[in-house]
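In the numbering used here, the protein residues as written are 390 to 551.
Please read the structure below before turning to the comments.
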Amino acid sequence: MKMTFRWYGENDSISLEKIRQIPNMYSVVTAVYDVPVGEVWPEENIARLKSLCESKGLKMEVIESVPVHEDIKIGLPTRDKYIEAYKENIRRLGKAGVKCICYNFMPVFDWTRTQLDKVAFDGSNSLVYYPEQIKKMNPLDGSLSLPGWDSSYKKEDLKKLF
């Protein structure tokens, strides 16, 4: 088993320096965050991310995730161009030494959580899902808003997807 830690890039409040201090830490799980879904990740962005990790003594062998464009998920005629871009991202990541690419084919949303910072008994925090909060939301009237979605989807885009 190789110890890895999730790193959300240079804007993450937990720096690579801090991650490196964790005993037996081998690598980070990360992604390119500044490229829109469905576009090809520039090789220089991938190389820079890898270089940042390696400069702190960490590997970059796992990417989570390369987002899957909604046109692929719902089978629109435009899906083929996004499939080609996805395939190119796989090739580029492989060329950079990435061994594992996480993906998610859930339609409309990459994941669903109602809170991103639930404090546990030991002081740590995690993501949580409260179904009673979801039951009160209606995506068709615009009342659907959860943590993490506001940065990925505009309200009018969500309505179109539903």
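We treat Cβ as the ideally placed atom computed from N, Cα and C, and that holds for glycine.
Cβ-Cβ separation, residue j to residue i (assumed contact under 8 Å), whole Å
i    : j    : result
I461 : T419 : Between T419 and I461 the Cβ distance is about 23 Å, and since that is not below 8 Å, they are no contact.
M449 : V426 : No, M449 and V426 are not in contact; Cβ-Cβ is about 21 Å, not under 8 Å.
I490 : V455 : 6 Å
R409 : G446 : 6 Å
M392 : M414 : 5 Å
Helix, strand or coil at residue i according to DSSP, with G and I counted as helix
i    : result
S402 : coil
I385 : Because residue 385 is not part of the residues shown, which for the chain are 390 to 551, the question remains open.
L441 : helix
N434 : helix
L516 : strand
D530 : helix
Q410 : coil
E428 : coil
K525 : coil
Start-to-end residues for the beta strand (DSSP E) that takes in residue i
i    : result
D506 : Q504 to V508
E453 : K448 to E453
I490 : C489 to C491
Y415 : M414 to T419
F494 : Run containing F494: none; DSSP gives neither H nor E here.
M392 : M392 to R395
Boundaries of the alpha helix (DSSP H) in which residue i is found, first to last residue
i    : result
Y332 : Summary: the structure shown does not reach residue 332, with the chain confined to residues 390 through 551, and so no result is reported for it.
Given 8 Å, three or more beta-carbon pairs between the region 423-443 and the region 474-484: yes
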